[in-house]
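Q: Chains as they are written, first to last, in the numbering used here: chain A, 1 to 429; chain B, 1001 to 1429.
Even for Gly, the Cβ is constructed at its ideal location relative to N, Cα and C.
Remember, predicted model here, so these are calculated numbers, not experimental data.
Okay, here's the structure, questions in a sec.
Below you can see the structure in the form of structure tokens.
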């Protein structure tokens, strides 16, 4: 009989079962069995009296962050080229950088720094775009497997409207994608391949059709970009004038909820597009820092939440600069207040608990039972020491507010994924 | 004959003479005589060959930051109560906290943490609101004098529409203000008193009139809040229906450029109000983090710049959470992009150099020849080590971009004001 591994952690427990409320246990306990949460308690139940307790004292224990959108190969470019709009930014800064990932040594160096960064900021699981390059994508998958962080990693597909050096042969793009699916599907609980067409303007109908078929054949998840930018919207409309909205193009090709799907940005989504997302269970991924940096616009994230579309949040490096989802969370709150104001208060701003929810359980649900401390959830957690408020007295709810608005990765003391305490990645690949 | 003190600093010199361009000297020199910049150089002039050089190697030397708006007594409340609008926020969170400053022990503790914070983030000069309390205001002035940071500190005036515990007797408010002006004017190059009516809704006509007279009599500068929030705008309109705009009320009472004046927020300023500011030389102070946090709105800062209104930037704690003007600067860029988008591109976004300019020379000009390294400017400077980009190669302009979008106070190595290298404040008051 296999012996169960039981851990008990003590601290101020914070999580969001529902989007509307924080669950807060002052000096509470979370009991973890084989990496999964048994439950949270205000005192240790009789049956666990003899299990040793790891006591984090006055620190917080909260679910770790789930990043729904990051481009690994853009990590070197963070903070650069942010005075131009999306399409210019792609062609003048981003595509030239992505081209470098045909060189595996360069790729390894970038991934190395990226993975240390993800660990540092407590993004224990991420949806990660790579470039078109098959070998670099495999390298990134391998490095995730080695370091213990969770991810879906997608080889990007693009066969039209790109510079020559990034324009794929359609057949080869599909073959490379299938090779990665065959090699990496099912080999790990934490690291998976995902299908990642760049976006409609970069993909021929034939490519989209082939990717939809691969998604079906391998029951593989999908991620892409949707309704991000005005110039992009016009381009898509001119390419597919017969379609009622951008999302319906992905839908036509079987890339819009036929398998689990995340669509990033959704700034200019029409009511019909939002309804299609709800019906198909497509995740809307909010990237407020990126959207502000590139001048794209402000997503009405509350509208998606109100209508029952599943919502997560992402740093979208390098449209976004900071990979810390604490920064992105407070930006989301700001943007939602401006959206509310400009809608004449027809749309309420995000509540604090909603911002926390989408950053933990909302996005986490794409990965499984992730982002909460309810029974059966994976114990993905951060231990937080909020040392910026050493001097004054605050109650726990005030400290949570301050963590969201003033906190940073400097406050993170421990990082768990599925019950394992993960140490900083040190690669020797 | 007094011997001159000459210092030479070597590093990558960055500053903005004009708003449209960075001046960048790779491995340059700045020569400082008696605390003032002689000039910047690519090699050391003959006359200075024998002066020892402080070599900061691959680090940047840039003007320090000038914060045009912070409320010292709100420092404890950073990050709290940011899910309500301005007027509710004042009455439920901010006024109760400000009331505590009748207790000088409490006040001293808060100021202590505040001043360490200002030093840490490189805000070498600040415009600081205190509470209504005379003694606490004097304490704050004394603590600024002791620690060597620059400031204008204002005792706040409010005699109507406040809770009883903060409603001043009008005569006493004026007497207290005058006592501070008499005691502190002219005693220091770095620390000065300033007249600080809270805002029109908090001040009776008699109080505004008296403050206007004090400003004239003592030729004292003025700071207040202007056109920040929709509810506030309606309240002001109902109080002064005969005035064409909010600013013209201050103007009527001699508090709008008759002496040097800074007005914060200016989100709902009409064209006429902006023109009055230009004509009177009133500074517009941009507080994008605060404006987003409180859901107030987005100031069209570029409009003020284009029309020739002097512009600075502020953290506005505790409407704003982070006192680092690096954070505020990148927020200003974001907000300006959204304003541009919502104006259908009639207004261009801020350029990077403009954001840097208003944070250094723009706001600095209120304090004197501050915020640039042109000849005759005070050597107010920061030494920056951008260690978040250890691995990759970047040119200097890329590094400046990354500092603005990714930098933090962790990157600051040295802090100068008027040529003096300032150490962390350690108070024994």
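Taking contact to mean 3 or more Cβ pairs, one atom from each stretch, closer than 8 Å, check whether the stretch 1351-1359 of chain B and the stretch 1036-1053 of chain B are in contact.
A: Taking 8 Å as the limit for Cβ pairs, the verdict is that the stretch 1036-1053 of chain B does not touch the stretch 1351-1359 of chain B.
Q: Is it a yes or a no for the stretch 1367-1385 of chain B touching the stretch 1078-1094 of chain B, going by three-plus beta-carbon pairs under 8 Å?
A: These segments do not touch.
Q: What residue range is occupied by the uninterrupted alpha helix (DSSP H) comprising residue 121 (chain A)?
A: Unbroken alpha helix (DSSP H) run through residue 121 (chain A): 104-121.
Q: Which whole runs of the beta strand (DSSP E) in the stretch 7-71 of chain A are 3 residues long or more, in chain order?
A: Runs found: 23-33, 36-41, 53-63 and 65-71.
Q: Compute the Euclidean distance between the alpha carbons of residue 1283 (chain B) and residue 1174 (chain B), then round it to the nearest angstrom.
A: C-alpha separation (whole angstroms): 24 Å.
Q: Return the Cβ separation of residue 1317 (chain B) and residue 1326 (chain B) in integer angstroms, given the expectation that the two are a contact with Cβ distance under 8 Å.
A: Actually they do not touch by this definition, with Cβ atoms about 15 Å apart.
Q: For the stretch 88-121 of chain A, which residues have a CB atom closer than 7 Å to at least one CB atom of chain B, in sequence order?
A: Those would be 109 and 113, in chain order.
Q: Which residues in chain B have a C-beta closer than 8 Å to the C-beta of residue 379 (chain A)? List them in chain order.
A: What residue 379 (chain A) touches in chain B: nothing, since even the nearest Cβ is about 28 Å away.
Q: Helix, strand or coil for residue 378 (chain A) per DSSP?
A: Looking at residue 378 (chain A) - three-state DSSP - the assignment turns out to be strand.
Q: Quick check on DSSP: helix, strand or coil for residue 407 (chain A)?
A: Reduced to three states, the DSSP call for residue 407 (chain A) is coil.
Q: Is residue 76 (chain A) close to chain B, meaning its C-beta is less than 9 Å from at least one C-beta of that chain?
A: With 9 Å as the cut-off, residue 76 (chain A) counts as an interface residue toward chain B.
Q: Do residue 310 (chain A) and residue 256 (chain A) count as a contact pair if the criterion is CB distance below 9 Å?
A: Going by C-beta atoms, residue 256 (chain A) is not nearer than 9 Å to residue 310 (chain A).
Q: Tell me which residues share the same chain as residue 6 (chain A) and place their Cβ nearer than 6 Å to its Cβ, disregarding the 5 neighbours each side in the sequence.
A: Counting only Cβ-Cβ distances below 6 Å, and skipping sequence neighbours, we find 33 and 51.
Q: Since residue 127 (chain A) sits in a beta bridge, which residues does DSSP pair it with?
A: In DSSP, residue 127 (chain A) forms a bridge with A:152.
Q: Do residue 410 (chain A) and residue 116 (chain A) have their C-beta atoms within less than 9 Å of each other?
A: For residue 410 (chain A) and residue 116 (chain A), no; Cβs fall outside 9 Å.
Q: Less than 8 Å between C-beta atoms, sequence neighbours within five positions excluded: which residues of the same chain meet that for residue 989 (chain B)?
A: Nothing about residue 989 (chain B) can be reported from this structure: the residues present for chain B run from 1001 to 1429 only.
Q: Quick one: which residues of the stretch 171-182 of chain A get their C-beta closer than 9 Å to a C-beta of chain B? List them in chain order.
A: So nothing in the stretch comes that close.
Q: So which residues on chain B does residue 297 (chain A) lean against when the C-beta distance must stay under 8 Å?
A: Result: 1338 and 1341.
Q: Look at residue 1223 (chain B) and residue 1262 (chain B) and say whether their C-beta atoms are less than 9 Å apart.
A: Cβ distance < 9 Å, so residue 1223 (chain B) and residue 1262 (chain B) count as in contact.
Q: According to DSSP, what are the bridge partners of residue 327 (chain A)?
A: Bridge partners of residue 327 (chain A): none, in fact.
Q: Within 10 angstroms of the Cβ of residue 186 (chain A), are there 16 or more other Cβ atoms? Answer buried if so, exposed if not.
A: Exposed, because fewer than 16 other Cβ atoms sit within 10 Å of the Cβ of residue 186 (chain A).
Q: Along the alpha helix (DSSP H) that carries residue 240 (chain A), what are the first and last residues, could you check?
A: First-last for residue 240 (chain A): undefined, no H or E at that position.
Q: Between A:4, A:399 and A:271, which has its C-alpha nearest residue 14 (chain A)'s C-alpha?
A: Closest by alpha carbon: A:399.
Q: Is residue 374 (chain A) close to chain B? Criterion is C-beta to C-beta, closer than 9 Å.
A: No, no contact with chain B.
Q: Per DSSP, which one or two residues make a beta bridge with residue 1350 (chain B)?
A: Residue 1350 (chain B) pairs with nothing; no bridge assigned.
Q: On the DSSP letters alone, give me the boundaries of the alpha helix (DSSP H) that residue 143 (chain A) sits inside.
A: From DSSP, the alpha helix (DSSP H) with residue 143 (chain A) extends over 134-147.
Q: Can you list the residues of chain B that residue 401 (chain A) reaches, using a CB-CB cut of under 9 Å?
A: Those within 9 Å of residue 401 (chain A) in chain B are 1079, 1080, 1081, 1082 and 1083.
Q: Mind checking residue 1289 (chain B): buried by the 16 CB within 10 Å criterion, or exposed?
A: Buried.
Q: Ignoring anything shorter than 4 residues, give me the alpha helix (DSSP H) runs that lie fully in the stretch 250-319 of chain A, in order along the chain.
A: Runs of the alpha helix (DSSP H) inside the stretch 250-319 of chain A: 271-280, 288-293 and 301-306.
Q: Is the separation between the beta-carbon of residue 1024 (chain B) and that of residue 1012 (chain B) shorter than 9 Å?
A: Yes. Within cutoff.
Q: Measure how close the beta-carbons of residue 73 (chain A) and residue 18 (chain A) come, nearest whole angstrom, since I'm counting them as under 8 Å.
A: Actually they do not touch by this definition, with Cβ atoms about 37 Å apart.
Q: Quick check on residue 1308 (chain B): buried or exposed, where buried means 16 or more other Cβ atoms within 10 Å of its Cβ?
A: So residue 1308 (chain B) ends up on the exposed side.
Q: What in chain B is Cβ-close to residue 266 (chain A), meaning under 8 Å?
A: Near residue 266 (chain A) there are no residues of chain B at all, since even the closest Cβ is about 16 Å away, more than 8 Å.
Q: Considering only the beta carbon of each residue, do residue 75 (chain A) and residue 114 (chain A) sit closer than 9 Å?
A: In this structure, residue 114 (chain A) lies closer than 9 Å to residue 75 (chain A) by Cβ.
Q: Identify the contact partners of residue 351 (chain A) in chain E, using a Cβ-Cβ distance below 8 Å as the criterion.
A: This model lacks chain E altogether, as its protein chains are A and B.
Q: Starting from residue 1405 (chain B), find everything on chain A with Cβ-Cβ shorter than 9 Å and list it in chain order.
A: Result: 78, 79, 80, 82, 293, 321 and 322.
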